[in-house]
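Numbering (my numbering), first residue to last: 70 to 774.
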C-alpha cells in the first residue's frame, strides 16, 4: 500500500490542534467559575449517617429560616463593664435588625461573671453565599459603636466568612502561583523556551476541560464542590498533566535523536505507543484510587473522589491528543535551543543518572539496606501524628478575626459558649432530658429553646412532638474534654426511657467526623492498595514486582508521616491535623508514588526483554532518571503552592504530598527500588516468562520458550 500523501499525513495533528484551540475557547472560562457552584458551608460536609447530622436536619424544623449565629463579644477597655455600655450593646444588637442578611430577634446581652465582657447573638441567614462576608462586616461595624469597649464577632457565621475569604484566592492566586512555579522549573531544567510553554498550555487546557465537566455536574447537584476540593482539583490536574507531558516529551526526544530520517510523525507515533501504557496505567492508579474515596461517609472526602478522577482523565486526554499534535508539528524546534542530537544509546553514560546507575549496580545491597534503615527510622515517628482534629484556633494559619474573637469569648465565658451541644428529644421527656443533661459532667447548664428562638425564656417550642435543648459545655467546644462530655451526654440521654434523644452541635460534629475518618482509613486503605496491585499486575505481568513496588511506596508514606509529625509539632506549631489528612496523604502519596515506579519499571521491563533484569534496571534508571525526577520536582512544587491558601488543612496536605513526592522520587524510586530489583533479579517477574530471560549468575542468556 503506497504511503499517504505528505499533506494528508499532517492533517491529523493539524485538526487536533484546531479542535483543542476551539474547545479551549469554550471551556477556558470555567477554570475560574467553579466558585459559583461551590459551597464552603462546613455543615454540608458532615458524616452522612452520623448522629450529629441527624440533629442538624432535625433543627431545620425549629427555624423559620436557616440561620447561623454570629456571636458578638465586647470587652471593657478599663476592665469593668458600665451600665451605659450594657445599654449601648443592647441597642447595637437591636439595630442589627436592619442589616441585610441578619434575621430574627437578637438575643439579650449577657454580662460575663468577671464583669469585664458582654455577649450577644445575632442570627445570620446561612444561604448568603459570597454576601456572608459583607453581612459579618456590617455586624462588626455596628458592634464597634459601643463606647469604651472593644468588639469582636465569633461563632459559625464569622468562621464561615473567614473561610470564604481564605478560599477567595483559589480561582486566581493559587492557579497563577502553581503555573508560575511549573514554568520556572521547566525553564531551568530543560533550558528550552517552547517546550515549557507547550506543557503549560496542555495542563491549562486539561484543567479548563475538567472544570467545565465538574461545573456542569455540580450545577445539577451530581457532585459537590467546596474550596478544598476546588483547590486540590487545580493542583492535581496541573501536576498530573505536567508529569504525563514530560514523560511523552522525553520519549519523543529520544525517538527524534534515534532516527536518521528525521521523520517527526513516525517518531511521535513510536513515542506515543511506547509511553501510552505507562501514562494510562499511572492515571488509572490515581483515578481509581480517588474513586475509592466514594466509600467514605464524609461528604467532602467522598466528593473529592469523582472530581479528582475527572481531572486525571482530562489530564490524560490532553496529554495524548493535544500534546502529540503540537510536538509533531514543532519537531526538534520544540526543544530549542537545546535541540535533540542524533544518538544511539540515549542518555550519555556521563550523565548524573548514569553515575547513579553505576553506583546502584556496584553496591545494590548496601544501598537498599541503607535507604531502608533511614526510611524505617523516619516511619518510627508516624504514630506521633495527632489526627484528632484541628482546634478552632489553628484552622487558619494567619490570625483570622474569628479565631481571635473565639479566644476572647473563651476567656470570659464558659468554654462552650456560642457552640452548645444541641439535643433533640421527645417533648414528653423534655424536662427529664434537660435535668439529665444539666447534671452531666462537663455541662454547665441546659435549657430548652422557646418560641422566641432563645433557650430558657418561656415554654419550650414543640415541633412534631419534639423539643430542642441547648447544653452549654464547660470546656472549649473544639477540645478533647468537650468531646468526652458529648460522649457522656449521649450515653446518659440514650438511657432516658422514651426520649429518643439525639446529641449534635459543633463538638458532636467534630467527634463524629473524627470517628468517621478513622473508619474511612480502615475501609479505603486496603481498597486503594488492591486497586494498585491489580493495575500493576496487569501492566507488568507479574505478582512479585507489584508487591515490591507497593511496599516501597507504603514505606515512603509512613516515613513521610513520621517527618510530618515532627515538622507540624516542633516547627509549624500545629497541635494536630484534620482527621482526614492521613487518608488524603495516603491516597495521593501511594497512587502518585506508584506513578513514578510505573514510569521506571515499564522502561525496565522493556530493557529487560533484551538485556535481562539486572542490566535492564540500570539502563531504565539511566534513561528515565532525569524526566521522572523533573516530574517529581514539578509535582511537589505544584502541591506546595497550596500554602498560599491560609488554611491548616491545605498547608498540611501541601507539606505531606510535596515532601513525600520528593522523598519517593529522590530516594525510593532512584535508589531503593532499583537496588532491590538489581539485587533480587529476574525472579521478581514471576510468574511471567520474563523471569527466565536475562544473564544468570554464570553469564548465560535465558530464552523465552
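A virtual CB, placed ideally from N, CA and C, is assigned to each residue, including glycine. Since we're looking at a predicted model, the values are computed, not measured.
Could you compute how far the alpha carbon of residue i sits from the alpha carbon of residue j?
i           : j           : result
residue 620 : residue 211 : 59 Å
residue 502 : residue 458 : 29 Å
residue 443 : residue 539 : 52 Å
residue 80  : residue 391 : 14 Å
residue 662 : residue 618 : 9 Å
residue 325 : residue 399 : 12 Å
residue 741 : residue 750 : 14 Å
residue 591 : residue 248 : 36 Å
residue 71  : residue 84  : Only weak support is given to the placement of residue 71: the predicted model assigns it a pLDDT of 49, under 50, and the value that follows is read from those uncertain coordinates. Straight-line Cα distance between these residues: approximately 23 Å.
residue 601 : residue 700 : 20 Å
residue 137 : residue 117 : 20 Å
residue 754 : residue 340 : 25 Å
residue 693 : residue 244 : 29 Å
residue 46  : residue 279 : The structure shown does not extend to residue 46, since the chain spans only 70 to 774, so no value can be given for it.
residue 648 : residue 654 : 11 Å
residue 500 : residue 178 : 26 Å
residue 101 : residue 697 : 30 Å
residue 678 : residue 628 : 34 Å
residue 517 : residue 564 : 19 Å
residue 436 : residue 737 : 11 Å
residue 103 : residue 353 : 25 Å
residue 616 : residue 610 : 12 Å
residue 123 : residue 570 : 11 Å
residue 685 : residue 739 : 14 Å
residue 181 : residue 641 : 34 Å
When you compare the CB positions of residue i and residue j, do they come within less than 9 Å of one another, or not?
i           : j           : result
residue 307 : residue 267 : no
residue 520 : residue 483 : no
residue 574 : residue 489 : yes
residue 456 : residue 476 : no
residue 397 : residue 334 : yes
residue 205 : residue 230 : yes
residue 555 : residue 576 : yes
residue 597 : residue 537 : no
residue 305 : residue 377 : yes
residue 366 : residue 588 : yes
residue 119 : residue 533 : no
residue 172 : residue 193 : yes
residue 258 : residue 372 : no
residue 481 : residue 183 : yes
residue 264 : residue 255 : yes
residue 759 : residue 691 : no
residue 202 : residue 422 : no
residue 303 : residue 89  : no
residue 250 : residue 734 : no
Name the DSSP beta bridge partners of residue i, please?
i           : result
residue 538 : 492, 517
residue 367 : 116
residue 382 : Paired residues: none, contrary to the question.
residue 512 : 542
residue 529 : 519
residue 572 : 492
Could you check how far apart the C-beta atoms of residue i and residue j are, in whole angstroms? I think they sit under 8 Å.
i           : j           : result
residue 217 : residue 154 : 6 Å
residue 157 : residue 215 : 4 Å
residue 608 : residue 346 : 7 Å
residue 348 : residue 317 : 7 Å
residue 779 : residue 568 : Outside the modelled stretch of the chain, which goes from 70 to 774, sits residue 779, for which no answer is possible.
residue 359 : residue 651 : Not confirmed; about 16 Å, so no contact.
residue 711 : residue 722 : 6 Å
residue 478 : residue 140 : 6 Å
residue 292 : residue 393 : Not confirmed; about 30 Å, so no contact.
residue 144 : residue 219 : 5 Å
residue 150 : residue 187 : 6 Å
residue 37  : residue 658 : Missing from the structure shown is residue 37; the chain here goes from 70 to 774 and no further.
residue 107 : residue 115 : Not confirmed; about 17 Å, so no contact.
residue 198 : residue 236 : Not a contact, Cβ separation roughly 12 Å.
residue 15  : residue 631 : Because residue 15 is not part of the residues shown, which for the chain are 70 to 774, the question remains open.
Please give the ranges of any beta strand (DSSP E) in the stretch 214-296, keeping only runs that are unbroken, at least 3 residues long and fully inside the region. 218-223
Which runs of the alpha helix (DSSP H) spanning at least 4 residues fall entirely within the stretch 671-745, listed in chain order?
682-709, 717-732
- [ ] Jot down the residue ranges of each uninterrupted beta strand (DSSP E) in the stretch 431-509, minimum 3 residues, whole runs only, in chain order.
- [x] 490-495
Worksheet entry | Complete beta strand (DSSP E) runs within the stretch 125-197 (minimum length 3 residues, chain order) | 136-145, 186-194
>> Report the start-end ranges of each alpha helix (DSSP H) in the stretch 583-653 that is 4 residues or longer and not cut off at the edges.
In response: 613-639
Problem set entry | In chain order, each alpha helix (DSSP H) run of at least 4 residues that lies wholly inside the stretch 287-351 | 296-327
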